Amino acid sequence: MSYDVAITDGPVRAIFDLKGPQAALADWAGDTLPGFPDAPNRRVREDGKTLAHIGPDHWLLIADLTREEALTDALKPADAPPEISIVRVSDVYAWVRITGPDAAHVTATGCPLDLETFPDDGADFTEFFTQKALITRGGHGFEVAIDRSYAPWITEMLARITP
Amino acid sequence: MRNRLPDGGRIDRTRRISFTFNGRSLSGFHGDTLASALLANGIRLTARSFKYHRPRGIVGSGVEEPGTLVELEGRDASANRPATTVPLRDGLKARSVNCWPSPAFDLGAMTQIAARFLPAGFYYKTFKWPNWHLYEPSIRRAAGLAGAPAAPPEGRFEARFAHADLLVVGAGPAGLRAALEAGRDGARVMLVDEGIEPGGSLLNRRLEVDGKPALDWVAETVSELAALPNVTHLQDATAWAYREHNYLMVNESSPGHGLLERSWRIRAARVILATGAIERTLVFGNNDRPGVMLASAAQAYVNRYAVTPGRRAVIFTNNSSAYAVAADLAAAGITVAAIIDSRAEVPQETREFVPGIEILPAHVVTRARGHRRLRVVEVAPIQGGPTRRIQCDLLAQSGGWNPAVHLWSQSRGTLRYDEKIASFLPDAPVQSVRAIGAAAGDLTLPGEAPYKVQPLWRVEAAKGKAFLDIQNDVTVDDVHLALREGYGNVEHVKRYTTGGMGIDQGKTGNINIIGTVALQQGARMEEVGTTTFRSPYTPVSFGAIAGQRDGPVTLPYRHTPLTDWNKARGAVMYEAGARWQRPGYFPRPDESFQDSVNREARVVREGVGIYDGSPLGTFEIKGRDVGRFLDHLYTNIMSGLQPGRGRYGLMLTDDGLIFDDGVVLRLSEHRWIVSASTGHAAAVQSHMEELAQTQFPDWQIFLTDVTSQWANATVCGPKAREVMMALGGDIDLTRKALPFMGFADGTVAGLPARVVRVSFTGELSFEINVAPRHLPELWEKIMAAGASHGIQPVGSEANHVLRVEKAFLSLAHEVDGTVDPHDLGLGWAMSKKKADYIGKRSIALRRAGGAVRRELVGFLPEPDRQVPEGAPLTPGGKTRATEGLVTACVWSVVQDRWIGLALLENGASQHGEMAHVRVKDEVLPVRITAPIHYDPEGERLRA
Chain W
1 MSYDVAITDG
11 PVRAIFDLKG
21 PQAALADWAG
31 DTLPGFPDAP
41 NRRVREDGKT
51 LAHIGPDHWL
61 LIADLTREEA
71 LTDALKPADA
81 PPEISIVRVS
91 DVYAWVRITG
101 PDAAHVTATG
111 CPLDLETFPD
121 DGADFTEFFT
131 QKALITRGGH
141 GFEVAIDRSY
151 APWITEMLAR
161 ITP
Chain C
1 MRNRLPDGGR
11 IDRTRRISFT
21 FNGRSLSGFH
31 GDTLASALLA
41 NGIRLTARSF
51 KYHRPRGIVG
61 SGVEEPGTLV
71 ELEGRDASAN
81 RPATTVPLRD
91 GLKARSVNCW
101 PSPAFDLGAM
111 TQIAARFLPA
121 GFYYKTFKWP
131 NWHLYEPSIR
141 RAAGLAGAPA
151 APPEGRFEAR
161 FAHADLLVVG
171 AGPAGLRAAL
181 EAGRDGARVM
191 LVDEGIEPGG
201 SLLNRRLEVD
211 GKPALDWVAE
221 TVSELAALPN
231 VTHLQDATAW
241 AYREHNYLMV
251 NESSPGHGLL
261 ERSWRIRAAR
271 VILATGAIER
281 TLVFGNNDRP
291 GVMLASAAQA
301 YVNRYAVTPG
311 RRAVIFTNNS
321 SAYAVAADLA
331 AAGITVAAII
341 DSRAEVPQET
351 REFVPGIEIL
361 PAHVVTRARG
371 HRRLRVVEVA
381 PIQGGPTRRI
391 QCDLLAQSGG
401 WNPAVHLWSQ
411 SRGTLRYDEK
421 IASFLPDAPV
431 QSVRAIGAAA
441 GDLTLPGEAP
451 YKVQPLWRVE
461 AAKGKAFLDI
471 QNDVTVDDVH
481 LALREGYGNV
491 EHVKRYTTGG
501 MGIDQGKTGN
511 INIIGTVALQ
521 QGARMEEVGT
531 TTFRSPYTPV
541 SFGAIAGQRD
551 GPVTLPYRHT
561 PLTDWNKARG
571 AVMYEAGARW
581 QRPGYFPRPD
591 ESFQDSVNRE
601 ARVVREGVGI
611 YDGSPLGTFE
621 IKGRDVGRFL
631 DHLYTNIMSG
641 LQPGRGRYGL
651 MLTDDGLIFD
661 DGVVLRLSEH
671 RWIVSASTGH
681 AAAVQSHMEE
691 LAQTQFPDWQ
701 IFLTDVTSQW
711 ANATVCGPKA
721 REVMMALGGD
731 IDLTRKALPF
741 MGFADGTVAG
751 LPARVVRVSF
761 TGELSFEINV
771 APRHLPELWE
781 KIMAAGASHG
791 IQPVGSEANH
801 VLRVEKAFLS
811 LAHEVDGTVD
821 PHDLGLGWAM
831 SKKKADYIGK
841 RSIALRRAGG
851 AVRRELVGFL
861 PEPDRQVPEG
871 APLTPGGKTR
881 ATEGLVTACV
891 WSVVQDRWIG
901 LALLENGASQ
911 HGEMAHVRVK
921 DEVLPVRITA
931 PIHYDPEGER
941 LRA
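Chains W and C, in that order, are what the protein sequence lines are.
The opening position of the first sequence corresponds to residue 1 in this note's numbering, with each subsequent residue numbered one higher.
The opening position of the second sequence corresponds to residue 1 in this note's numbering, with each subsequent residue numbered one higher.
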């Protein structure tokens, strides 16, 4: 008997890597960014945009791909002042969604985090089948973003769990 | 099943099971182990020993079993499984290991004739002439275990992570109580137990808990645990390793979901070890005869499996626990001829367990007699005296109990020797862990006589071989020999004798080795100490460790967006650094490997080719201090680079050796792109992050890995510009507007792109960088635009040829961790203006020493033939110290011959001279040349 779980590949999303002091980023980006999360490894979702606090002075802005150009125009990565860094990284990540009653179990085959206590607004870089990955809750399960070049490997690993 | 009791036991008599052992058809019941089923069928001789091929039977009833290992066949295929841990199932096929043709008649038993010449460590001292390897195969065959199965088992394995507030290891009485209390308090509890069913030692004994039959209490407790949503109970799940930060490995058998095994990696806030205790053997003559069994095992077979392991038993003990065993055997109808107790005094409360059974205090068994089965034991007073012979077919022995401290010790907790129980106990914890119950030395269960023991590490008057480690055939004499030869430390004794190094890890006998050493040295037990307890606690299958990563896929691999396209064109794919799967070449029908590579290399030199350069490591660096950061990182000056331009550079290690090379692009005043070799991208990133965070924390440097944000198609060859023009776009591609080492952002074929003029082939090249989502479309458009020019895809093999012709350095070929820029003729890339950069001083110091260096040269084999890469160069091809090595040798399509590169001592001054490559049975002369075989001025790449 296999697991009661659905595994689906997500589409490419608009993602911007933001580094630098929070105040400087807020000054530069204005209302383009959602409010900043209160704590590390948390995310804030507003108006279809997600801002995830993934490290010291380090955030990811995530939105639908349709908003990539508009966000690029608003954030102006090439013109940003030297004290901050804004880099478009939309294509770096491939997205996998694992949902269903057994989602936590299947996700735990690759992820060492404590998924039972993982908060709804969590956004944590961790490992997934030994590769660096961003994990969040999504639907009735989890979403995992991994380096796109490893997507076939991740797909194969998940297929082996849910043949 | 002639030895099956008519009733009782925890077997299901309605479910009869057929199995075969050594080709013989037998039957048992559901709930049996292979060991209990064999005993039920009256099979006592089950194995032959590791070294001497002595007859062996079943000794234990669980993971401690030292006597009988079996090989399972068919769908259960696995080797060296203790018969006591193999659950019986229909169709099981098992056979004894280490005997031929059968345990009853084993030709290997001939070694017993020469046993006196095979003491511990004999292989260190004999079979040396003319060569140990001459004898090794036959010795290994004679003293080996079962081989690995020819094929992996049918089915899947799985690994998963889990977390708990409390992990309880062991579902015996102590573990069940602990799990229940924590579960009732709401803690997130995981309870794991290695047994087929919970209960631990209660399964084997006739006891009461809380005023009710113990197994009723177990059932109620398990039922309550199952009802608690915060408790996870894994049965048939062995905790086999205890790592740092309360991280434990647990292997669960048959967990469902079609799995063979599941490997749990559990991180727990607290751990309770309720791992119980393991009974130890006694050391007397022929203590390995079939029929000599641990007392607790005999009790388990009678009570749990309703099997009589013998008809007439003798008990040999040094402690009180065996008296309850005697009582249970008698209750099962087995005649207990006598209890031999080495203690001078037997407490009255213990005697009361065995009314009517003869007790011989202050006596020992000196020898067991019988060959393939026990027939008689010889008993004598411990202080010496007349020997008495007692007929029996079962000797139930108990040398006392050892708390199972294996996991405790793995957690790095300390142990202390406790005189009262004559064993080592958990002492000071290092992690958040506690031992309870028998694992903590509490060896008396309610309803049992108080545990009292007087250690007996060996019977002084033993006659015949007295085994300390039954599985590895290690005797008292072996340990004495090791001590005589100077191996006084217990760890050295272990290695010299192999005591405790078997599959059972000496669970029943290690303490006797320690005791024997202590007696011989006149030392206390704590002075001798224990050997290191290592994982795994019990054997673990490779499949469980690998989890999903079995078969051909064991390591992660990476793909570019063109993998499907490449495979559809018949590309031969393989790893080409940093786990990237890349096309090696694109063979056409009836084309050899060399033909394919030649064709692809030629199309780049004469027309136009295209390759996928996406795996190249790429990083965007931002900040006010990036310029001086890169100046520190590279050998040449980067801070002077103008926006819109790029520069090739070398990174060195602190030792002044080449670490990596790459191209730096300056996008604007504060934005830069750094590229790194595919194989070194991760290391370069770590290097930069470490420098930025530890050496220059105040510098403003933001590093972002954009390797997977940019994919690139590189169009290369004399017709490359024509193809680029045909693609269309808004970038001026003329030599003046976009020169070598220049770049421009714009559109190519309607797609946003950054075009970079770098070359890894030595030809005119345009590296078109786009988002990976656009690469397949771009690629198709390039193929269409280049069709009229005969464009072809090029694999990594042809790229290798092209770079060798140009002497472009390659990681793991010329850059082997021993060379500096001068060695490779790249001294020009080392700035003389910069005050310092990584590796500068090291090179200066080394060069000041004037030592001979290996320098990069080209070579032409004479006669013209291929020379193996990696082959050594020696003076005159003689058997002398090497003076260099071949780093590459390829067929050059422009030279129409074999060419190569090599590192050769003082090679730069030997151009035109002959050198010699030494290979097996041959010397290959080569003529040394300048490294660059083609277009030394670089006119083509600047075209």
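Beta carbons are placed, not taken as given, at the ideal position from N, Cα and C, and that holds for glycine.
Being a predicted model, the structure only gives us computed values, none of them experimental.
Query                                                                                                                     : Result
For C/Pro153 and C/Gln78, believed in contact at Cβ under 8 Å, the rounded distance                                       : In the sequence under discussion, the amino acid at residue 78 of chain C is Ser, which differs from the Gln named in the question. The Cβ separation is near 7 Å, so the contact holds.
Residues near C/Leu39 in its chain [Cβ-Cβ closer than 7 Å; skip 5 each side]                                              : Asn3, Ile58, Tyr301, Val307, Pro309
Other residues of its chain near W/Ser2: CB distance less than 7 Å, five sequence neighbours each side excluded           : Thr162, Pro163
Cβ neighbours of C/Phe766 in the same chain (closer than 6 Å, five flanking residues each side left out)                  : Val715, Ala720, Met724, Val755
C/Gln594, buried or exposed, once every other Cβ within 10 Å from all chains shown has been counted against 16            : exposed
Burial state of C/Met914 (16 or more Cβ within 10 Å)                                                                      : exposed
Contacts that W/Thr126 makes with chain C (C-beta to C-beta distance below 7 Å)                                           : Simply none; closest approach about 10 Å.
Assigned secondary structure, C/Tyr123 (DSSP; H/G/I helix, E/B strand, else coil)                                         : helix
Members of the region 20-36 of chain W near chain C, C-beta cut-off 9 Å                                                   : Gly20
Buried/exposed call for C/Phe117, threshold 16 Cβ in 10 Å                                                                 : exposed
CA-to-CA distance, W/Asp31 to W/Leu60, given in whole angstroms                                                           : 15 Å
Beta-carbon proximity of C/Ala120 to C/Ala482, cut-off 8 Å                                                                : yes
C-alpha gap between W/Ala6 and W/Arg160, whole angstroms                                                                  : 14 Å
Separation of W/Gly100 from C/Arg48, as counted between CA atoms                                                          : 52 Å
For C/Phe659 and C/Leu980, the rounded distance between their alpha carbons                                               : The structure shown does not extend to residue 980 of chain C, since chain C is modelled only from 1 to 943, so the question has no answer here.
Own chain residues within Cβ distance below 7 Å of C/Gly870, not counting five before or after                            : Leu885, Val886
C/Ala368 beta carbon less than 8 Å from that of C/Val476                                                                  : no
Neighbour flag for C/Tyr557 against chain W, beta carbons, 8 Å                                                            : yes
Proximity below 8 Å, CB of C/Val923 to CB of C/Gly849                                                                     : no
Given C/Arg874 as reference, the closest of C/Pro925, C/Lys834, C/Asp896 once Cα atoms are compared                       : The amino acid occupying residue 874 of chain C in the given sequence is Thr; Arg does not appear at that position. Per the Cα distances, C/Pro925.
4 or more residues per run - each alpha helix (DSSP H) lying fully within the region 94-124 of chain W                    : 103-108
From C/Ala711, C/Arg206, C/Arg184, residue whose alpha carbon lies closest to that of C/Ala227                            : C/Arg184
8 Å contact criterion, which C/Ala297 and C/Trp401 should meet: CB distance rounded                                       : Going by Cβ atoms, the distance from C/Ala297 to C/Trp401 rounds to 13 Å, so no, they are not a contact pair.
Helix, strand or coil at C/Arg24 according to DSSP, with G and I counted as helix                                         : strand
7 Å Cβ shell around C/Asp705 - same chain, five flanking residues per side excluded                                       : Phe619, Gln685
Those runs of the alpha helix (DSSP H) which lie wholly inside the region 536-599 of chain C and span at least 4 residues : 542-546, 563-568
Backbone CA spacing between C/Glu65 and C/Leu294 [nearest angstrom]                                                       : 9 Å
Pair within 8 Å by beta-carbon distance, W/Pro82 and C/Gln700                                                             : yes
Identified DSSP bridge partners for C/Pro213                                                                              : C/Glu208
The region 133-160 of chain W: positions lying closer than 8 Å to chain C by Cβ                                           : Asp147, Arg148, Ser149, Tyr150, Ala151, Pro152, Trp153, Glu156, Met157, Arg160
6 Å Cβ shell around C/Asp236 - same chain, five flanking residues per side excluded                                       : Ile196, Ser253
Inter-residue Cα distance where the pair is C/Glu345 and C/Arg484                                                         : 35 Å
Chain W contact residues for C/Pro772, given Cβ-Cβ distances below 8 Å                                                    : Asp91, Arg148
Test: W/Val87 CB closer than 8 Å to a CB of chain C                                                                       : yes
Minimum Cβ-Cβ distance from W/His105 to chain C less than 8 Å                                                             : yes
C/Gln410 classed as buried or exposed, judged by whether at least 16 other C-beta atoms fall within 10 angstroms          : buried
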